[in-house]
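Each residue of the sequence shown is one higher than the one before, counting from 1 in the working numbering. Accompanying notes for the structure given below.
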Amino acid sequence: LSSRPVDCADVLNTEHSDSKVYTVWPKSRLTEKKGIDVFCDMDTDGGGWTIIQRRGNFSRPKDFFFKDWESYKNGFGDVERDFWLGKSL
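This is how it looks when you write it as structure tokens:
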């Protein structure tokens, strides 16, 4: 991407229509010039959705999401598999 999209809706507006991982720059990170990788759902209800959590059958232990507050604050997992994006964007 040549621009700095704020979220997946911005990515969709740049005519990228594949559901996959993109780098976005939420407004809270623009001043730091620090992007974050997110999974964008470009299929559901017209697309442009930033996925904040995904759980699935990825061979993780059943307690993979039993984490402490710090983990939920910062995020964990693999954005291409199962993950929690984090509360501190």
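Quick reminder that beta carbons are idealized off the backbone N, C-alpha and C, glycines included.
- Closest in alpha carbon position to Phe64, among Gly47, Ile51, Thr50, Asp82, is Asp82.
- Collapsing the DSSP output to three states places Lys20 in a strand.
- In the structure shown, Gly77 adopts extended strand secondary structure according to DSSP, grouped into three states.
- Taken atom to atom, the span from the alpha-carbon of Glu80 to that of Lys33 is near 23 Å.
- With at least 16 other beta carbons inside 10 angstroms of its own, Gly77 counts as buried.
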